[in-house]
Structure formats: C-alpha cells, structure tokens
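In my numbering, the protein residues as written are 1306 to 1468. Yeah, the Cβ is synthetic: ideal placement off N, Cα and C, and Gly gets one too. Remarks on the structure that follows.
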Amino acid sequence: MDRRSLVAGGILILVGLSFFLGNFIEFYWEELWPLWMILGGLVFLGLFLANRRSYGFLMPATILLSQGALFQFCAWNNRWYYMEELWPVFILGPGLGFLLMYFFGKRETGFVIPAFILIGLSAIFFVTLGPFQQYRDFWPVLLILAGLFLVFRRRKPDVVNGN
1306 MDRRSLVAGG
1316 ILILVGLSFF
1326 LGNFIEFYWE
1336 ELWPLWMILG
1346 GLVFLGLFLA
1356 NRRSYGFLMP
1366 ATILLSQGAL
1376 FQFCAWNNRW
1386 YYMEELWPVF
1396 ILGPGLGFLL
1406 MYFFGKRETG
1416 FVIPAFILIG
1426 LSAIFFVTLG
1436 PFQQYRDFWP
1446 VLLILAGLFL
1456 VFRRRKPDVV
1466 NGN
C-alpha cells in the first residue's frame, strides 16, 4: 500500500467517524471546526517528518497550524472580536513556514529573506496595532537589534581574498 492512499484513507476514516459520532454525541461544530485545519497541518508535518528531504511540506503545515490555532482560539466561547488584534498571525504563518524551510532545507537565502520580512511585518503590526500596543514606542529597537546582528555577526572568510 502506498503512502498517499494510506493518508487519504486515514483522513476519510477520521472525517467519517466524526460525522457518524456527531449523530450520537453532541458536538459543537461552531467551536471545533478549526481542529480540521490543525489536523491538516499535523498531516503535512507528519509528511515532512516521514521524509526530511521534502521540506516543502513545512509551508502548508505552518500555515494550517498557525491559522487553525488562531481560529480555534477565537471559536472557543465565540470570541471573534479578538481577530481585530490577532490578524497579524495571517502574516506570521507563512513567515514561519519560510524560516522552517530555510532551517530544514538547503539553507537558501530565497527562504530566509521572505521569512524575516513576513515575521518582521507581523511583529511590527502586533506591536503597533495589536495586543502589544503599550510597547509601540519601542518597536524601533527591533530594527536596531537587526542592524547590530548584521554588523557584528561572524562572517565566513572570503575565499578569493582570504580575508
């Protein structure tokens, strides 16, 4: 049996069981539907863990896990008004995906640059517009720290000049 039919069959079994049990046990789908997104993220994470060379699965895994967790947080007790402050998670998810693809992949700068841009934008929006507004005067410290990191990081010796 190949891996794809095993995963697809497992998903169909879980979906069927949940709907079947829903006929006998009271489920609150309006509070629990984000668990399907989280489950999808875990499936993609499992696919990556099964084959570490397929680091492309990390992007959908982080998007589904981060947004599923956000939706689950808001769905519990029907507190969707939190989305006014937590919407930067939509930017954070792909940023984390790029970062994980960088760390577990081939360490290409094509992953790390969008990772830092998206994570940085998410952090700025969290601080200036989100739940961390009391710290909005201090967000430039992040820019200063990033600049210090770039200036003082250990550089690899230049092969051509030997410096």
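Beta-carbon separation (whole angstroms), residue i vs residue j, contact threshold 8 Å
i	j	result
Gly-1452	Ser-1427	So it is not a contact: roughly 19 Å between Cβ atoms.
Leu-1352	Ser-1359	7 Å
Pick from the options that is closest to residue i, judged by C-alpha positions
i	options	result
Glu-1335	Ile-1396, Phe-1325, Leu-1434, Arg-1384	Arg-1384
Cys-1379	Ile-1368, Trp-1392, Thr-1367	Trp-1392
Phe-1443	Phe-1454, Leu-1363, Phe-1430	Phe-1430
Gly-1373	Leu-1434, Asn-1382, Ile-1343	Ile-1343
Leu-1337	Asn-1382, Leu-1448, Phe-1454	Asn-1382
Arg-1357	Phe-1409, Leu-1311, Leu-1319	Phe-1409
Buried versus exposed call for residue i [16 or more other C-beta atoms within 10 Å across all chains shown]
i	result
Gly-1346	buried
Leu-1405	buried
Leu-1326	exposed
Pro-1445	exposed
Alpha carbon of residue i to alpha carbon of residue j, nearest angstrom
i	j	result
Leu-1397	Ser-1371	8 Å
Phe-1395	Lys-1411	25 Å
Leu-1340	Ile-1316	13 Å
Arg-1459	Leu-1450	15 Å
Gly-1402	Leu-1363	6 Å
Tyr-1407	Thr-1367	13 Å
Ile-1422	Glu-1331	44 Å
Leu-1448	Gly-1425	9 Å
Met-1388	Leu-1350	26 Å
Ala-1420	Ala-1355	24 Å
Arg-1308	Phe-1329	32 Å
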